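Structure, as structure tokens:
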Amino acid sequence: MNQFPDPNLVFPNEYKTSCFIKNVITAPNIIVGDYTYYDDPVDPTAFERNNVLFNWPEFGDRLIIGKFCAIASGVQFLMGPANHRLDSLSAYPFTVFGGAWAEAVPPHLAQLPHKGDTVLGNDVWLGRECRILPGVKIGDGAIVAAYSVVTRDVEPYTIVGGNPARLIRRRFDDELTQLLLALRWWDFPLEKLSAFLPTLCSNDREHAKDVIRAMLAAQ
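Residue numbering for the sequence shown follows my numbering, starting at 672 and increasing by one per position.
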């Protein structure tokens with residue numbers, strides 16, 4: 672009988688530095704897919720507390736992370752309440768200090784700009800100590816270089832880096848990118864995924880195209 676890694680385990684291997692983070696999330700506005708892991712030599716189970724900053728679910732934004740994402744140590748997501756107002760004469764958050772200041776202005780969360788949900792696709796790799804700003808969308812198969820600050824959306828199967836993060840290069844040509852996006856291997860049943868792994872982990876891109884074309888045609 673085939674034995675596959677169990678996505679419902681907190682620690683999927685004996686090293687206990689990588690954690691399948693969907694199993695340690697408690698906030699209702701953080702949604703994580705199967706097999707996505709956070710790696711941290713100290714305490715990867717503290718991802719929600721240490722790596723998702725300024726998360727107030729009542730603000731209304733969500734952090735949505737797809738399947739098979741690799742999140743390196745120190746990566747942080749800034750949620751919407753981290754922002755300050757930019758359309759007023761002062762960006763200072765007077766209301767949070769209470770008293771007459773709080774009485775003079777609207778409630779703090781009601782004043783803040785809404786950037787929308789922060790969304791990672793599937794098979795995304797975030798390098799060490801990246802910062803992802805509120806409302807950013809990162810496409811399937813994208814890679815973010817270590818120590819980058821991502822301030823805008825990232826296209827699928829691209830590599831970005833820097834502060835602010837900019838396009839470094841595309842991982843594959845347009846045809847292979849579109850084939851992978853159509854295939855959606857991250858949704859395969861485990862048996863089918865295991866059979867596909869030799870192609871998925873190969874650097875023979877022309878052969879991969881042939882295999883994926885045949886798989887798509889058979890669907």
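The C-beta atom is built at its ideal place from N, Cα and C for all residues, glycine as well. As the structure is a computational prediction, the values presented were derived from the model and not from experiment.
Asked                                                                                                                                                : Found
Start and end of the alpha helix (DSSP H) containing I883?                                                                                           : R876 to A889
Can you tell me where the beta strand (DSSP E) holding T688 begins and where it ends?                                                                : T688 -> no beta strand (DSSP E), and no H or E assigned at all.
Are Y709 and C740 touching if we call contact CB-CB under 7 Å?                                                                                       : no
Which complete beta strand (DSSP E) runs does the segment 833-861 hold, if anything under 3 residues is left out?                                    : 836-841
With distances taken Cα to Cα, identify the nearest neighbour of Q849 among G798, D811, E685 and D677.                                               : D811
Could you pull the DSSP bridge partners for T789 from this structure?                                                                                : L734
Under three-state DSSP, which class holds F765?                                                                                                      : helix
Pick out whichever of T789, V695 and Y763 has its Cα sitting closest to the Cα of V807.                                                              : T789
Where does A775 sit, in a helix, a strand or coil, going by DSSP?                                                                                    : helix
By Cβ distance, which residues of its chain are closer than 7 Å to H779, with the 5 residues on each side in sequence left out?                      : P764, T766 and V767
Quick check on the DSSP output: the alpha helix (DSSP H) that includes F682 runs from which residue to which?                                        : Where F682 is concerned, there is no enclosing alpha helix (DSSP H), given that its DSSP letter is neither H nor E.
To the nearest angstrom, how far is it from the Cα of R837 to the Cα of R823?                                                                        : 9 Å
Looking only at its own chain, which residues have a Cβ that is under 6 Å from the Cβ of N754, when we skip the five neighbours before and after it? : L783 and P784
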